[in-house]
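Taking it in order: structure first as C-alpha cells, then the write-up.
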Amino acid sequence: MNSTNRLRALPARYASGTCTGITSICSAHPLVIEAALLEGVATGTDVLIEATCNQVNQEGGYTGMTPADFRQFVEKIALRVGFDTKRLILGGDHLGPNPWRHLPAEEAMRRSEAMMDAFVRAGFTKIHLDTSMGCAGEPVALPDETTAARAARLAKVSESAGDSTDYDRPLYIIGTEVPIPGGAMEALNHLELTKPDAAIETVEVHRKAFTALGLQDAFERAIGAVVQPGVEFGNENVVIYDRGKAASLSAVLKQVPQFVFEAHSTDYQPVQALSELVQDGFAILKVGPMLTFALREALYGLDQLAAFLDNLGDEETLRGKMERLLLAEPKNWEKYYHGDATERRLQRHFSYSDRIRYYWPHPDARAAVDALLRRLSGRKLPETLISQYLGTLYPAVACGKVESQPHALMIEAVRNVIRNYDRAAMVRHS
Numbered sequence: 187m188n189s190t191n192r193l194r195a196l197p198a199r200y201a202s203g204t205c206t207g208i209t210s211i212c213s214a215h216p217l218v219i220e221a222a223l224l225e226g227v228a229t230g231t232d233v234l235i236e237a238t239c240n241q242v243n244q245e246g247g248y249t250g251m252t253p254a255d256f257r258q259f260v261e262k263i264a265l266r267v268g269f270d271t272k273r274l275i276l277g278g279d280h281l282g283p284n285p286w287r288h289l290p291a292e293e294a295m296r297r298s299e300a301m302m303d304a305f306v307r308a309g310f311t312k313i314h315l316d317t318s319m320g321c322a323g324e325p326v327a328l329p330d331e332t333t334a335a336r337a338a339r340l341a342k343v344s345e346s347a348g349d350s351t352d353y354d355r356p357l358y359i360i361g362t363e364v365p366i367p368g369g370a371m372e373a374l375n376h377l378e379l380t381k382p383d384a385a386i387e388t389v390e391v392h393r394k395a396f397t398a399l400g401l402q403d404a405f406e407r408a409i410g411a412v413v414q415p416g417v418e419f420g421n422e423n424v425v426i427y428d429r430g431k432a433a434s435l436s437a438v439l440k441q442v443p444q445f446v447f448e449a450h451s452t453d454y455q456p457v458q459a460l461s462e463l464v465q466d467g468f469a470i471l472k473v474g475p476m477l478t479f480a481l482r483e484a485l486y487g488l489d490q491l492a493a494f495l496d497n498l499g500d501e502e503t504l505r506g507k508m509e510r511l512l513l514a515e516p517k518n519w520e521k522y523y524h525g526d527a528t529e530r531r532l533q534r535h536f537s538y539s540d541r542i543r544y545y546w547p548h549p550d551a552r553a554a555v556d557a558l559l560r561r562l563s564g565r566k567l568p569e570t571l572i573s574q575y576l577g578t579l580y581p582a583v584a585c586g587k588v589e590s591q592p593h594a595l596m597i598e599a600v601r602n603v604i605r606n607y608d609r610a611a612m613v614r615h616s
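Take the sequence shown: its letters are residues 187 to 616, numbered as in the working numbering.
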C-alpha cells in the first residue's frame, strides 16, 4: 500500500471497525525531522510531515522555504538516514489566506491560490483547506458558506496543479473549528467541543461548494474534518481528552463514513488519551510543540551536565545565552506570556507553548548550541549524570540501546514522543 492509499483508507477502516491512525509531524526543525524519519526506518512505516502556510509558502514563510524547498530539505535528511522517500507523505496545513489576512479578501485569496499551486506541484498530497479567517474589512469569523466557497476555490487550483504532476492526487481535510496554532495563551479550565450538528453541517456545506464548481471527484478525496474533541494546551496546563464528553461527536462518523476526524493540538496528551482519540475516530493526530519541547529538554539536560563537568557560570551555559537572546528579541513571546517577572522567565524557557522553538534557527542560538556540542564532543558522558539530568533517556543508555553522546540523546528524546503517538495509532479492532 503506498502512502496516499494508507491515508485514504483510514475512513473505510474505521467504518469497518478497524481503529487505526497516523501521526502528523508538524515541525521544520531538522533534528525533529531526522528523528521522525529514523523512527520510520526502524518501524518500516510511512511518515507524515506537515508544513503550515505561515511556515512555508511561495514567498518563503518564516522558515524562508517554498514548498519545493521544504520537500528538498526533508528528502535530503531522508537520504542521509536511509529513509525511503516513497513512504514520505507531505502535508500542507491551514492552507488559505491566513498569512495575508491583513489584505482585502480578493488579494489574499489570489495569494492563497498561488500558494496552493506551489504546494501541490511540490508533491504535497495531504491538503488542509482553512479559509475560516476574515480578511481586511471582514469579521474575524466568516459564515460557513463563505468559508466553504473559498475552500472549494482553492481546491480547484489544487486539482489543476495536480493534473500536471506525477504525484498521487491530493487528499483533502476540511473544517473550520481549528484550535489556535501553537496552543492557547491563557490557562484553560474547559473547552467547547464541536457540536455534532455543526460537524455534519461542515461536511455538507463543503460538499455543496465543491459540487458548485464541478469538483465532485475532488470531494470524494476529502477524508478528514478538523473538529475540537476537547484537547488543547496553554502555556501552563493541558486539557486531557475525555471520551465520554466526545461520544456524541464521535458518533457523527457513522453518518459520514467518508470521513475521520483530524485532531489538532494533541501535544502532551497521555498515551491512553491518544489511544482513545484514535479508537473514537480522531485518526489523524497532529503534534508539533511537544516535539521541540522534548528537544529543548534534551538540550537543557546536556547543558546542565556540561555546566557540572566544567563548573560553568550561568553566562556560559546554553540556558543563559538563550535568556539573553529571548530578552533582546522578544517579538516571538512577549505578547503570549503573562504574569510577573518570574512567571514570564519560566514561560520563556518551559512553557507548553514552547515559543522558544522559534529561536533555535537564530544565528546566536545556533552558535550557543554548537558551543555546547563542541564542549561535549569526544567525551564519555557519565551515566550517572545522564540519569540526573536526562532521566527519561537513562534506561536506553544503560542497556546500550542509545549511545551516551549528544546527538544520539537529542534524537532519542524526540523519538520517545513519536513512539508514544505511533503506539496510540496502532491497529485495534472495535
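Ideal Cβ placement from N, Cα and C applies to all residues, glycine included. Here the structure is a predicted model, which is why all the values come from computation and not from measurement.
- Rounded to whole angstroms, L377 and E569 show a C-alpha spacing of 43 Å.
- When the alpha-carbon of H392 is set against those of F479, N191 and T333, the nearest one is in T333.
- When only Cα atoms are considered, Y522 and W546 end up about 18 Å apart.
- For A304, there is no enclosing beta strand (DSSP E); the enclosing alpha helix (DSSP H) covers residues A291 to R307.
- Here the C-alpha atom of Y353 lies approximately 13 Å from the C-alpha atom of I313.
- Between L379 and K431, the CB-CB gap stays under 9 Å.
- Judged by DSSP in its simplified three-state form, Y248 adopts coil rather than helix or strand.
- In the three-state reduction of the DSSP assignment, S210 falls in the strand class.
- The continuous stretches of beta strand (DSSP E) do not include L481, which lies in the alpha helix (DSSP H) extending over residues P475 to D496.
- In this structure, DSSP gives M612 a state outside helix and strand, which the three-state scheme calls coil.
- Selection P325, T317 and A398 evaluated against T362 yields T317 as nearest (Cα-Cα).
- Under the DSSP assignment, K262 falls in the alpha helix (DSSP H) whose first and last residues are P253 to V267.
- Nearest neighbour of I426 by Cα position, chosen from P592, V417 and E483, turns out to be V417.
- By the 16-neighbour rule on beta-carbons within 10 angstroms, R510 is exposed.
- Around the beta carbon of E598, a 10 Å sphere encloses 16 or more other beta carbons of the protein chains shown; the residue is thus reported as buried.
- One thing to note: M302 has its Cβ within 9 Å of the Cβ of S344.
- Cα atoms of L571 and V600: separation of roughly 20 Å, rounded to the nearest angstrom.
- In the DSSP annotation of this structure, A237 is not part of any alpha helix (DSSP H); the continuous beta strand (DSSP E) holding it starts and ends at V233 to T238.
- For A480, the closest C-alpha among the options S202, A201, G410 and I542 is that of I542.
- As computed with DSSP, E448 is found in a beta bridge with V412 and I470.
- Taking the Cα positions, E293 is about 36 Å away from A195.
- The three-state reading of DSSP puts V464 in helix, counting H, G and I together.
- The segment 554 to 569 makes contact with the segment 499 to 510, as at least three CB pairs between them are under 8 Å.
- Non-local beta-carbon contacts of V218 in its own chain, meaning distances under 8 Å to residues more than five positions away in sequence, involve I211, L477, T478, L481 and V600 in chain order.
- R560 counts as exposed, since fewer than 16 other C-beta atoms from the protein chains shown sit within 10 angstroms of its C-beta.
- With at least 16 other beta carbons inside 10 angstroms of its own, K472 counts as buried.
- DSSP places D279 outside any alpha helix (DSSP H); the residue lies instead in the beta strand (DSSP E), whose first and last residues are L274 to L281.
- With distances taken between CA atoms, R273 lies nearest to E261 out of P283, L281 and E261.
- For E515, the closest C-alpha among the options P549, T503 and Y486 is that of P549.
- Under the DSSP assignment, I386 falls in the alpha helix (DSSP H) whose first and last residues are P382 to A398.
- Beta-carbon to beta-carbon, C239 and L281 are separated by about 5 Å, close enough to satisfy the 8 Å threshold.
- Counting along the chain, H535 sits inside the alpha helix (DSSP H) bounded by residues A527 to F536.
- In the three-state reduction of the DSSP assignment, I360 falls in the strand class.
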